[in-house]
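Residue numbers (the numbering used here), protein chains in the order written: chain A, 1 to 133; chain B, 1001 to 1138. Everything below concerns the one structure shown next.
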Amino acid sequence: MFTTRRGLLIGAAALAAAGCTETSAKIIESDDDLTAALRRARTLAQAADSLGYPDIAEDHLTHAATLERLLLPSTVGEESGAEQSIADAAALAEAEAEASGEARESCLTTTGDYAVLFGEIAASRAAHAAVIA
Amino acid sequence: MTVVDTGLAGEYAAIYAYGAVAVHLSGAPRDLAEALEAEHRERRDALLDFYDEHGLEAVHAEAAYDIEPIGDAATAQALLLDVEERLTTTWRAGVASEDPAEREICLNMFMASATALARWRVVLGEPTAVPWPGRPSE
Chain A
1 MFTTRRGLLI
11 GAAALAAAGC
21 TETSAKIIES
31 DDDLTAALRR
41 ARTLAQAADS
51 LGYPDIAEDH
61 LTHAATLERL
71 LLPSTVGEES
81 GAEQSIADAA
91 ALAEAEAEAS
101 GEARESCLTT
111 TGDYAVLFGE
121 IAASRAAHAA
131 VIA
Chain B
1001 MTVVDTGLAG
1011 EYAAIYAYGA
1021 VAVHLSGAPR
1031 DLAEALEAEH
1041 RERRDALLDF
1051 YDEHGLEAVH
1061 AEAAYDIEPI
1071 GDAATAQALL
1081 LDVEERLTTT
1091 WRAGVASEDP
1101 AEREICLNMF
1111 MASATALARW
1121 RVVLGEPTAV
1131 PWPGRPSE
């Protein structure tokens, strides 16, 4: 229980250790969700970069790199053009929020191994939407 | 103690911290602190609703929490940022739950917490982009 700041620190650290996301590539049920998340990450990265949000673009590229590794040996080809509909900051914030919702749904429906991964992506995208808006 | 218990205890501590130190802030940080204190109260209430809906007994708040003496705005901001970072880590851990209801409430809290953290970083002029919110440092 958080009776002190130290207690809060210890409790948080213990729970964090319990929820580490060393994901396993053995789980295959989530491949569709992983692929969708990867495509979204690539689209958002291109849009964020083109609109002058390089740090946010970097977050999406980090997500994409992780998702690509998890999908191996399968590969997902690059798509182009989707980011063109994201023409300004408001549209980017909306796209981030929508993509956050998709990752949230994946988190709630996936097996435990990927739940934290999708949750992290959902939370990161939600934070992007909040700071862009 | 469940992960939701720990998170609720963290929300109680956050409400106490905001109430104790926001007085040292002014301008945008003060506005954000007041907004986030209200949001933590809403999250506490949502968590208590969760306990009621599932027939569970909620942990209670402590009468007081031991926080370091706050002498200026910088210390107050650092404390509140620290509180948000630790809460984000706590709620992230709960997302690993195999219980669907528990995972959903933890995910909702995790997303709200990560967003609060980003809002603090904007106000403090710090980089806001974090690919893996709440993930412990390696």
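C-beta: ideal position from N, C-alpha, C; glycine also.
Can you list, in chain order, the residues of its chain whose CB lies under 6 Å from that of B/L1047, leaving out five sequence neighbours each side? L1008
At a CB-CB cut-off below 7 Å, which residues of chain B make contact with A/D49? Chain B residues near A/D49: none, gap ~12 Å exceeds 7 Å.
Please confirm whether B/W1132 has its beta-carbon closer than 8 Å to some beta-carbon of chain A. yes
So does the region 93-104 of chain A actually touch the region 1056-1066 of chain B, counting three or more Cβ pairs closer than 8 Å? no
A/A47 versus B/I1015: straight-line alpha-carbon distance, rounded: 37 Å
List the residues of chain A that B/P1069 touches, going by C-beta distances under 7 Å, in chain order. Residues of chain A passing the Cβ test: none, with the nearest at roughly 12 Å.
Quick one: residues in its chain with C-beta nearer than 8 Å to the C-beta of B/A1064, no 5 flanking neighbours on either side, listed in chain order? Y1016
Rounded straight-line distance, which links the Cα of A/R69 to that of B/A1076: 41 Å
Residues of its chain near B/W1091, where Cβ-Cβ distance is below 6 Å and the 5 sequence neighbours each way are ignored: G1007, C1106, M1109, F1110, S1113
Relative to the alpha-carbon of A/D33, which residue among A/V131, A/A123, A/A65, A/L71 has its alpha-carbon at the smallest distance? A/L71
Against chain A, does B/E1098 count as a neighbour if the rule is that its beta carbon must be under 8 Å from one of theirs? yes
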